[in-house]
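> Following this message is one structure expressed as structure tokens.
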Amino acid sequence: MLVTENERLEHDIGVWIERFGKDRSGLIPVLQEIQRKYHRISEHAMQVVADRLGIHPVEVFSVVSFYSFLDHRPKGKFVIRLCRTISCDMAGKSRVAAQLRSDLGIQFGQTTPDGKFSLEWANCLGMCDQGPALLVNDQVYTRVTPAAVHEIIEACRRTFGVYALEAKHEEGHA
Amino acid sequence: MITPNHKAPLTFAAIPADEGLHKALQKTRADLIAEVTASQLKGRGGAGFPTGVKWNLAAAAAGEQKFVVCNADEGEPGTFKDRVILSEHADLVFEGMTIGGYAIGAARGILYLRGEYTYLRDHLEGVLADRRKKGLLGQDVGGKSGFQFDIEIRMGSGAYVCGEETALIESLEGHRGEPRNRPPFPVDTGFLGNPTIVNNVETFAWVTAICVRGAEWFKGIGTPRSAGLKILSVSGDCRQPGIYEFPLGITIEKLLEACGGQGAKAVQIGGASGQCIPASEFHRAIAFEDVATGGSVIVFGPQRDMLAVARNFLEFFTEESCGQCVPCREGNPKLLEGVELLEHGRCSMRYLHELCALGETMQVASKCGLGQSAPNAFLSIVKHFKDELMGRTEAH
């Protein structure tokens with residue numbers, strides 16, 4: 037039987053609400069799970085969550101729009117967040133930023149057309165003693181140099197598409 | 003690759019596991035709170051509220067359910083000591099929360115971990131699972147019959163303002179992280195309207211240390227008004243950035259010697275919400291009665307453009323203001339525009355004075371600590387570096 041994306045989303049939301057509780061304090065953990073799995077919190081997702089928790093969808097939207105790690109627009113599979121706060125700024129974040137723009141071919145705030153990478157600014161990542169720092173999803177990279185940007189992106193690329201097959205193939209022979 | 007970046011082990015490394023909790027459980031609640039009060043421990047997150055007083059208020063507050071919240075939403079620019087404490091001494095933090103639970107009569111603890119530290123979550127869940135196995139969480143904690151306590155981890159989602167305790171509680175309740183009016187304080191009306199203590203990661207770890215070594219030990223370190231040791235996060239223009247532990251009352255000069263930051267032209271103490279101290283005032287002490295800090299120390303070398311520093315901080319606050327109250331929401335972008343005028347050498351002294359008056363208005367009229375402290379960096383940079391800021395030509 038064909039399960040549409042919406043049905044799967046509704047099922048997942050049901051599971052998460054069971055886990056985090058049906059009251060309002062479970063809202064943010066549920067939204068965090070949706071963001072993690074679907075890389076966005078769509079209007080439909082917000083409506084479903086609102087129905088299940090018995091609150092108005094605009095309440096859900098107000099929360100989604102407040103937190104910088106939640107977004108209703110589609111995000112890439114890999115969200116790269118470069119720290120722009122003072123210590124990383126002094127450690128040379130601007131050159132890392134320039135290289136990220138060049139290597140990904142997008143500006144900050146944009147997602148690559150293939151939906152794989154989003155590039156964003158972050159405020160203080162708490163790596164001030166070893167900047168410039170960036171996050172790729174949950175993973176931290178510190179002391180990033182402009183030259184290191186390529187390898188960080190390649191490490192992500194090796195997990196999908198034809199490169200992932202190649203990597204698997206090589207592993208099989210190793 | 004994250005490196006530990008501290009040479010000497012912290013005092014926490016010498017605190018034996020579980021001893022503090024066992025000693026605490028042998029005391030009555032009142033005696034335990036009296037001990038924490040006697041140590042004169044003040045909140046290590048930056049605000050410096052006496053921990054014992056806070057606990058006493060929560061213990062005395064009426065409420066069937068009470069909560070212990072650990073604020074691990076370490077978002078202050080230049081602060082990373084909580085990350086190190088949670089990476090290396092998570093047990094002491096959870097132990098301190100359990101002691102807090104016993105003291106105020108709470109059964110639930112929540113660690114609010116900032117979203118940027120998600121990679122620490124598995125480690126922390128592992129530590130919690132071990133503690134449950136050892137009987138240090140759950141029913142009859144530490145063999146004390148009838149004392150039930152457990153801790154869950156909740157993640158933040160990238161909002162600096164959630165480090166403010168009432169905004170943190172709003173976030174835990176599933177709302178936008180907008181600070182509440184205080185009073186009422188969380189010790190009366192906290193999480194879901196129940197009495198709640200919100201303490202910083204480092205504060206809880208010190209509570210455990212105090213329970214092991216005694217209030218007198220802690221009180222004997224530091225200055226009369228700022229007891230104990232403080233963990234500082236040092237970054238910026240110095241040879242050895244990283245984590246340092248010093249008794250409160252240490253002068254900025256000595257700290258700079260220790261981290262190899264001699265020759266600095268200014269130091270930002272307390273992060274974006276703190277103040278900028280010029281070289282002429284390096285004799286001042288890091289303590290609640292002089293220059294207070296949650297732990298952030300950012301060193302600016304002689305080559306740094308202080309206007310660029312002011313711009314970075316104001317961009318930060320413009321982005322992170324929750325937008326709830328006017329002075330903060332409108333004030334920060336206005337100050338940032340002022341920095342742009344200064345950059346182009348088009349700001350009159352009269353207008354600069356108006357901007358400073360606006361900053362002072364923000365300090366008194368903003369609703370929460372974020373808004374009240376947002377103009378601090380700008381005001382202190384203007385005060386000490388006017389010559390450097392004024393009269394720029396486009397080519398600067």
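If you're matching them up, the sequences are chains A and B in order. End of the first sequence = 210 in the numbering used here, gap-free, step of one. End of the second sequence = 398 in the numbering used here, gap-free, step of one. Where is the CB? At the ideal position from N, CA and C, for every residue including glycine.
1. Which of the residues in the segment 72-84 of chain A, read from start to end, lie with their CB under 7 Å from any CB of chain B?
2. As a quick exercise: from 170(A), 149(A), 39(A), pick the residue whose alpha carbon is nearest that of residue 158(A).
3. Once the 5 residues before and after residue 325(B) are set aside, which same chain residues still bring their CB inside 7 Å of it?
4. If I follow the unbroken beta strand (DSSP E) through residue 154(B), where does it start and stop?
5. In the DSSP assignment, the alpha helix (DSSP H) including residue 39(A) goes from what residue to what residue?
6. Would you list the one or two residues that DSSP bridges to residue 278(B)?
7. Does residue 180(A) get closer than 8 Å to chain B when you measure Cβ to Cβ?
8. My assumption, with CB atoms under 8 Å, is that residue 170(B) sits in contact with residue 114(B). Please give the rounded CB distance.
9. Consider the Cβ of residue 353(B): report whether some Cβ of chain A lies at a distance smaller than 8 Å.
10. Excluding the five sequence neighbours on either side, which residues of its own chain have a C-beta within less than 6 Å of the C-beta of residue 300(B), listed in chain order?
11. Which term fits residue 298(B), buried or exposed, when burial requires 16 or more other beta carbons within 10 angstroms of its beta carbon?
12. Between residue 83(A) and residue 70(A), what straight-line distance do the alpha-carbon atoms span, to the nearest angstrom?
13. Check the Cβ of residue 318(B) against every Cβ in chain A and list those closer than 7 Å, keeping chain order.
14. Would you decide whether residue 399(B) is buried or exposed? Buried here means 16 or more other CB atoms lie within 10 Å of its CB.
15. Which runs of the beta strand (DSSP E) at least 3 residues long sit entirely within the segment 63-128 of chain A? Give them in chain order.
16. Counting contacts by CB-CB distance shorter than 8 Å, is residue 55(A) in contact with chain B?
17. Can you name the residues of chain B whose CB is closer than 8 Å to the CB of residue 60(A)?
18. My guess is that residue 311(B) and residue 302(B) are in contact by the Cβ rule of under 8 Å, so how many angstroms apart are they, rounded?
19. What residue range does the beta strand (DSSP E) around residue 249(B) cover?
20. Is the beta carbon of residue 254(B) closer than 8 Å to that of residue 279(B)?
21. Taking the beta strand (DSSP E) that residue 198(B) falls in, what are its first and last residues?
22. Round the Cβ separation of residue 63(A) and residue 176(B) to the nearest angstrom and send it over; I've been treating them as touching at under 8 Å.
23. For the segment 143-155 of chain B against the segment 42-52 of chain B, are there 3 or more C-beta pairs whose distance is under 8 Å?
24. Less than 8 Å between the C-beta atoms of residue 153(A) and residue 197(A), yes or no?
25. Note down, in chain order, each residue of its chain lying with its Cβ closer than 6 Å to the Cβ of residue 160(B), except the 5 sequence neighbours on either side.
26. Taking 8 Å as the cut-off, does the segment 223-235 of chain B touch the segment 279-291 of chain B (at least 3 CB pairs, one atom from each stretch)?
27. Looking at the C-beta of residue 116(A), does it have a partner C-beta in chain B at a distance below 8 Å?
28. Would you say residue 102(A) faces chain B, with C-beta separation under 8 Å as the test?
29. Chain B beta carbons: is any one of them nearer than 8 Å to that of residue 166(A)?
30. Could you check whether the Cβ of residue 185(A) sits closer than 7 Å to any heavy atom belonging to the ligand NAP?
31. Buried or exposed: where does residue 39(A) fall if 16 or more other Cβ atoms within 10 Å of its Cβ makes it buried?
32. Just the C-alpha distance for residue 77(A) and residue 373(B), rounded to the nearest angstrom, thanks.
33. Counting only beta-carbon atoms, is residue 105(A) nearer than 8 Å to chain B?
34. Candidates 196(B), 251(B), 13(B): which alpha carbon is nearest residue 106(B)'s?
35. Who are the near neighbours of residue 189(A) in its chain, counting only those whose CB is closer than 6 Å to its CB and skipping five residues on each side?
36. Distance, Cα to Cα, residue 126(B) vs residue 88(B)?
To lay it out plainly:
1. none
2. Counted from its first residue, the first sequence places residue 158(A) at position 122. For residue 158(A), the nearest C-alpha among the options comes from 170(A).
3. Looking up residue 325(B) in the second sequence gives position 323. Excluding sequence neighbours, residue 325(B) sits near 331.
4. What you label residue 154(B) is simply residue 152 of the second sequence in a count that begins at 1. Taken as a continuous stretch (DSSP letters only), the beta strand (DSSP E) holding residue 154(B) covers 152-157.
5. Within the first sequence, the letter at position 3 stands for residue 39(A). Residue 39(A) -> no alpha helix (DSSP H), and no H or E assigned at all.
6. Taking the first residue of the second sequence as position 1, residue 278(B) is located at position 276. Note: residue 278(B) sits in a beta bridge opposite 270(B).
7. One-based indexing of the first sequence puts residue 180(A) at position 144. Output row for residue 180(A): interface = no.
8. What you label residue 170(B) is simply residue 168 of the second sequence in a count that begins at 1. What you label residue 114(B) is simply residue 112 of the second sequence in a count that begins at 1. Contact holds; Cβ gap of about 6 Å.
9. Residue numbering aside, residue 353(B) sits at position 351 when the second sequence is read from its first letter. No - not a single Cβ of chain A is within 8 Å of the one on residue 353(B).
10. Looking up residue 300(B) in the second sequence gives position 298. Around residue 300(B): 80, 237, 238, 270.
11. By one-based count along the second sequence, residue 298(B) stands at place 296. Per the 10 Å Cβ criterion, buried.
12. Translated into positions along the first sequence, residue 83(A) becomes position 47. Translated into positions along the first sequence, residue 70(A) becomes position 34. In a straight line, the C-alpha of residue 83(A) is about 13 Å away from that of residue 70(A).
13. In the second sequence, counting from the first residue as 1, residue 318(B) sits at position 316. Simply 121, 159.
14. The shown model of chain B, from 3 to 398, leaves out residue 399(B), and the question about it has no answer.
15. 114-119
16. Walking along the first sequence from the start, residue 55(A) turns up at place 19. No, its Cβ sits nowhere closer than 8 Å to a Cβ of chain B.
17. For the purposes of this step, residue 60(A) is identified with residue 24 of the first sequence, where counting begins at 1. Correct list: 175, 176, 177.
18. On the second sequence, residue 311(B) is found 309 positions in, with the first residue counted as 1. On the second sequence, residue 302(B) is found 300 positions in, with the first residue counted as 1. Right, their Cβ atoms sit about 6 Å apart.
19. What you label residue 249(B) is simply residue 247 of the second sequence in a count that begins at 1. Segment 244-249, the beta strand (DSSP E) holding residue 249(B).
20. Residue mapping note: residue 279(B) aligns to position 277 of the second sequence, counting from 1. Residue mapping note: residue 254(B) aligns to position 252 of the second sequence, counting from 1. Yes, the Cβ-Cβ distance between residue 279(B) and residue 254(B) is below 8 Å.
21. As a first step, residue 198(B) must be located in the second sequence, where it is residue number 196. Taken as a continuous stretch (DSSP letters only), the beta strand (DSSP E) holding residue 198(B) covers 198-202.
22. Here residue 63(A) is taken as the residue at index 27 of the first sequence, counted from 1. Here residue 176(B) is taken as the residue at index 174 of the second sequence, counted from 1. About 3 Å separates the two Cβ atoms, so the contact holds.
23. no
24. Residue numbering aside, residue 153(A) sits at position 117 when the first sequence is read from its first letter. Residue numbering aside, residue 197(A) sits at position 161 when the first sequence is read from its first letter. Cβ atoms of residue 153(A) and residue 197(A): not closer than 8 Å.
25. For the purposes of this step, residue 160(B) is taken as the residue at position 158 of the second sequence. Closer than 6 Å at the Cβ level, and outside the excluded window around residue 160(B), lie 117.
26. yes
27. As a working note, residue 116(A) is residue 80 in the first sequence. For residue 116(A), the answer is no, since every Cβ of chain B falls outside 8 Å of its Cβ.
28. Position 66 of the first sequence holds residue 102(A). Chain B contact via Cβ: present.
29. Position 130 of the first sequence, counted from the start, is the residue given in the question as residue 166(A). Output row for residue 166(A): interface = yes.
30. With respect to the ligand NAP, the structure offers nothing, as it holds no ligand at all.
31. Here residue 39(A) corresponds to residue number 3 of the first sequence, with the count starting at 1. It is exposed - the Cβ of residue 39(A) has fewer than 16 other Cβ atoms within 10 Å.
32. Locating residue 77(A) in the first sequence gives position 41, counting from the first residue. Locating residue 373(B) in the second sequence gives position 371, counting from the first residue. Residue 77(A) and residue 373(B): Cα-Cα distance of roughly 30 Å.
33. Along the first sequence, read from residue 1 onward, the residue named residue 105(A) stands at position 69. Cβ-Cβ to chain B under 8 Å: yes for residue 105(A).
34. The residue given as residue 106(B) occupies position 104 in the second sequence. It is 196(B) whose Cα lies nearest to the Cα of residue 106(B).
35. As a first step, residue 189(A) is located in the first sequence; it is residue number 153 there, counting from the start. Correct list, in chain order: 139.
36. The sequence position of residue 126(B) within the second sequence is 124, counting from 1. The sequence position of residue 88(B) within the second sequence is 86, counting from 1. If I take the Cα positions, the gap works out to 8 Å.
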